[in-house]
Every structure is written in C-alpha cells, then in structure tokens.
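K.L.:
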Amino acid sequence: MTGLFYAPTGRLLQGFVICLIEDFKIVKLKTVGIENKFILQHKLTTMKYRYLILSAILFFTCAARAQNVVKGSVNEAGRSTKLSNVFVRDNQNRQMTITDNKGAFSIRTETGHTLIFSSPGYVSDTLYVTDFTPKKIELVTQTIALKQVNISAKRESFDAHKEYPEVYTRSKVYPLSPTSWFSKEARDARRLKKYFKREEEERHIDEVFNMNYVQSIIPLRGQELENFMTIYRPSYDFIKDNNGASLAVYINDSYKKYQALPAEKRSLPALKE
1 MTGLFYAPTG
11 RLLQGFVICL
21 IEDFKIVKLK
31 TVGIENKFIL
41 QHKLTTMKYR
51 YLILSAILFF
61 TCAARAQNVV
71 KGSVNEAGRS
81 TKLSNVFVRD
91 NQNRQMTITD
101 NKGAFSIRTE
111 TGHTLIFSSP
121 GYVSDTLYVT
131 DFTPKKIELV
141 TQTIALKQVN
151 ISAKRESFDA
161 HKEYPEVYTR
171 SKVYPLSPTS
181 WFSKEARDAR
191 RLKKYFKREE
201 EERHIDEVFN
211 MNYVQSIIPL
221 RGQELENFMT
231 IYRPSYDFIK
241 DNNGASLAVY
251 INDSYKKYQA
261 LPAEKRSLPA
271 LKE
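Written as structure tokens, this is what we have:
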C-alpha cells in the first residue's frame, strides 16, 4: 500500500515542481511593459492555482496515509526505560519500521494483522491488531546464552536486500521529489537501512568469532566461555580488517587480560528485574 501512495505522489509532486520552476523562469524573462502586464498577472494566477492543487494533493495524501495506522511506544518490561531501534514489522502487508529515540513507533496495518516487535537482548513480542488506539508494548529482557555454532549446517545468511527490497527503494532521495526527503516513510526507510547494516555486521562477527573457534584456542568452557566471548567480543571493523591469524592473537591476548581480572569482573552483571 505504501508503494501505491509513494510512487504516484512522488511523480505528481515532481511534475508540479517542474511546472512551477518553468513558471518562475517565464515570469523572470518577461519584461514589465504595459503589454506584458496581463501575461504576468495570468502567470501569477496560474501559479496560485497550481499551489492550491499541490496543497490539496498533499493534504489528501497525508489524510489517506493517516488511516489504519497504529501508534504507540515500546518500554522495557517492569521499567520506564524507552527502547529505541526496536524492529516492528507486519508480515501480512510487509510494512516495517523501528522505534525512535523515545521508543515511539507508527506503522500502517489492518485489523486482523499481527505486529512483531524484536530487539537484540529482548524476547520478541507480538500484537494482534483489533483497533487503532495507541499501544504500549513491553519487552522482557532475555538471559545471555551463546549457542554452539554447527559449522556443517547449511543456513542461508540474512540478506536484507533480498528480504526487504522496498526499504532500499524508499530510502533513496530524489532531488525533485519532496516526499523522498521529508516523508516519514522515507525517513523510516533510511533508519531501517542502517538497522539492517548493523544486523549484517553483527551476524558476520557471529560467524567468525564463534564458540567452536574460540574454545579451540583457549581452555575456557561453559559459562566462563560465554562470559569471555561477551566481554571481549571484537568489533566489525576489527573482524573485517584482520585475518584468522590476527584473530587468534587477539583471542590469546584477551584471555591473558581475562585471567588478570578479579573474579567479580569475570562474570556478567546480573540483569535487573
């Protein structure tokens, strides 16, 4: 539904902007002689009507988009902490968004659809849409558990370009399309694009810095290994710019630092209830 509104509206606005630019060029080129006063007045009147039509298009487009929209906020369960960058998606109509810095979200959906809320470190939650009143979603924190990676398993990696191509289409900016600059959908698409980039980077780290590889280099096992991997998880830039030998050196050096830590510093802080 977003695409149906976005493309035609963008083309209409682009057409009007081109017409307005041409009008300004004509008015600028006209002399202020008596013979041209009527032409100037006619052009200004035409421009005025075009502005009115453009305003009407924007009004009705915004009004149409305001329909069937669910708004709300996402908090951490049991606390007032607002959660930003929570991924919100409607699988039925493939709409998606992420919460802003205040935990707020807005997504176009329909009654009978199910919204899915997910964020790293939290248990995903779902909302069955029955009405369009503001919603308050609470996500429960999950305990950190690193699962052993089965290196022989054949699993297709997440490809956001393939899964959500519309996000990359809507994130593009067109000079003569105001909606591509300022519309909420365009802004959300650009934020989602950054979100997917971070997700791809984190998955790449998981593939390289996996439990099988780490425990083949250092003697830690079980909870101690999980604590070590969480505390000394390398950055994406490090993984990208270093080979396997460099990563092995990094793990050994980090293990020495880990051993030098006081006992209370080797464990992860308890989650607040």
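Numbering (the UniProt record's numbering), first residue to last: 1 to 273. Glycine included, every Cβ here is placed at the ideal spot set by N, Cα and C.
What is the DSSP secondary structure of G222, counted as helix, strand or coil?
P.N.:
The residue you call residue 222 lines up with position 222 of the sequence shown. Looking at G222 - three-state DSSP - the assignment turns out to be helix.
K.L.:
Runs of 4 residues minimum, wholly inside the segment 195-222: which ones carry the alpha helix (DSSP H) assignment?
P.N.:
With a minimum length of 4 residues, the continuous alpha helix (DSSP H) runs that stay inside the segment 195-222 are 211-215.
K.L.:
Nearest to T99 by CA position, among V167, R198, K71 and Y250, is which residue?
P.N.:
For the purposes of this step, residue 99 is identified with residue 99 of the sequence shown, where counting begins at 1. Here the closest residue by C-alpha is K71.
K.L.:
Going straight from the alpha carbon of I21 to that of S183, what length do you get?
P.N.:
Indexing the sequence shown from 1 puts residue 21 at position 21. Indexing the sequence shown from 1 puts residue 183 at position 183. Because the pLDDT of I21 is 48, which lies under 50, any placement of that residue in the model is unreliable, and the number read from its coordinates should be weighed accordingly. Whole-angstrom Cα-Cα distance: 22 Å.
K.L.:
Under the DSSP definition of a beta bridge, which residues are partnered with K135?
P.N.:
Your numbering for residue 135 matches position 135 in the sequence shown. G72, per the DSSP bridge assignment.
K.L.:
To the nearest angstrom, how far is it from the Cα of F238 to the Cα of T130?
P.N.:
The residue you call residue 238 lines up with position 238 of the sequence shown. The residue you call residue 130 lines up with position 130 of the sequence shown. Distance between the alpha carbons of F238 and T130: 47 Å.
K.L.:
State the DSSP-derived secondary structure class of S106, mapped to helix, strand or coil.
P.N.:
Position 106 of the sequence shown, counted from the first residue, corresponds to residue 106. Here S106 sits in strand by DSSP.
K.L.:
Rounded to the nearest angstrom, how far is the Cβ of H204 from that of Y236, given a contact under 8 Å?
P.N.:
Numbered from its first residue, the sequence shown carries residue 204 at position 204. Numbered from its first residue, the sequence shown carries residue 236 at position 236. Confirmed, Cβ separation roughly 7 Å.
K.L.:
Buried or exposed for D188, going by 16 or more other Cβ atoms inside 10 Å?
P.N.:
Against the sequence shown, residue 188 aligns to sequence position 188. Buried is the call here.
K.L.:
So what's V114 in DSSP terms, helix, strand or just coil?
P.N.:
The count along the sequence shown starts at 1 and reaches residue 114 at position 114. The question names Val, but residue 114 is Thr in the sequence shown. Here T114 sits in strand by DSSP.
K.L.:
Quick check: the Cα distance between residue 285 and S216, rounded to an integer number of angstroms?
P.N.:
The question about residue 285 has no answer, for the chain in this structure spans 1 to 273.
K.L.:
Going straight from the alpha carbon of M96 to that of E200, what length do you get?
P.N.:
Here residue 96 corresponds to residue number 96 of the sequence shown, with the count starting at 1. Here residue 200 corresponds to residue number 200 of the sequence shown, with the count starting at 1. Answer to the nearest angstrom: the Cα atoms are 17 Å apart.
K.L.:
Give the straight-line distance between the Cα atoms of K82 and K136, rounded to the nearest whole angstrom.
P.N.:
Along the sequence shown, one-based indexing puts residue 82 at 82. Along the sequence shown, one-based indexing puts residue 136 at 136. Their backbone Cα atoms lie some 11 Å apart in a straight line.
K.L.:
Nearest CA to the CA of R79: which residue from T141, L247 and Y213?
P.N.:
For the purposes of this step, residue 79 is taken as the residue at position 79 of the sequence shown. When each option's Cα is compared against that of R79, the closest is T141.
K.L.:
Is it right to say S119 is buried, meaning 16 or more other beta carbons lie within 10 angstroms of its own, or is it exposed?
P.N.:
As a first step, residue 119 is located in the sequence shown; it is residue number 119 there, counting from the start. Buried, because 16 or more other Cβ atoms sit within 10 Å of the Cβ of S119.
K.L.:
If you reduce the DSSP assignment to three classes, tell me which class P262 lands in.
P.N.:
Taking the sequence shown and counting its residues from 1, one reaches residue 262 at position 262. DSSP places P262 in coil when its eight states are reduced to three.
K.L.:
Can you give me the start and stop residues for the beta strand (DSSP E) that T126 sits inside?
P.N.:
Here the question's residue 126 lines up with position 126 in the sequence shown. T126 -> beta strand (DSSP E) spans D125 to Y128.
K.L.:
Roughly how many whole angstroms lie between the Cα atoms of P262 and L247?
P.N.:
As a working note, residue 262 is residue 262 in the sequence shown. As a working note, residue 247 is residue 247 in the sequence shown. Using only the alpha carbons, I get a separation of about 25 Å.
K.L.:
Put T97 into one of helix, strand or coil per three-state DSSP.
P.N.:
By one-based count along the sequence shown, residue 97 stands at place 97. Strand, per DSSP.
K.L.:
Pick from F117, K194 and F132: whose alpha carbon is nearest that of N91?
P.N.:
If you number the sequence shown from 1, residue 91 lands on position 91. Here the closest residue by C-alpha is F117.
K.L.:
Restricting to Cα atoms, I'd like to know which of I218, L225, Q259 and F228 is closest to V249.
P.N.:
Locating residue 249 in the sequence shown gives position 249, where the first residue counts as 1. Closest option to V249, Cα to Cα, is I218.
K.L.:
Between the alpha carbons of K257 and L220, how many angstroms are there, rounded?
P.N.:
Here residue 257 refers to the residue found at position 257 when the sequence shown is read from its first residue. Here residue 220 refers to the residue found at position 220 when the sequence shown is read from its first residue. Spanning the two alpha carbons is a distance of roughly 14 Å.
K.L.:
Which residue comes first and which comes last in the beta strand (DSSP E) that contains R89?
P.N.:
Walking along the sequence shown from the start, residue 89 turns up at place 89. Here the beta strand (DSSP E) through R89 covers F87 to D90.
K.L.:
Beta-carbon within less than 6 Å of R190's beta-carbon, same chain only, minus the 5 sequence neighbours each way: which residues are those?
P.N.:
Taking the first residue of the sequence shown as position 1, residue 190 is located at position 190. Excluding positions up to five away in sequence, the list reads S171.
K.L.:
Tell me, to the nearest whole angstrom, how far the beta carbon of N101 is from that of S124; I am working on the premise that it is less than 8 Å.
P.N.:
To locate residue 101, count along the sequence shown from 1; it is residue 101. To locate residue 124, count along the sequence shown from 1; it is residue 124. Not really, about 21 Å apart at Cβ, beyond 8 Å.
K.L.:
Helix, strand or coil for Y236? Go by DSSP, reduced to three states.
P.N.:
Mapped onto the sequence shown, residue 236 falls at position 236. It is helical.
K.L.:
How would you call residue 281, buried or exposed, if buried means at least 16 neighbouring beta carbons within 10 angstroms?
P.N.:
The first residue shown for the chain is 1 and the last is 273, placing residue 281 beyond what the model contains.
K.L.:
Can you look up T81 in the DSSP assignment and give me helix, strand or coil?
P.N.:
Residue mapping note: residue 81 aligns to position 81 of the sequence shown, counting from 1. Three-state result, T81: coil.
K.L.:
For Y122, list the residues DSSP reports as bridge partners.
P.N.:
Position 122 of the sequence shown holds residue 122. Looking at the DSSP assignment, Y122 forms a beta bridge with T141.
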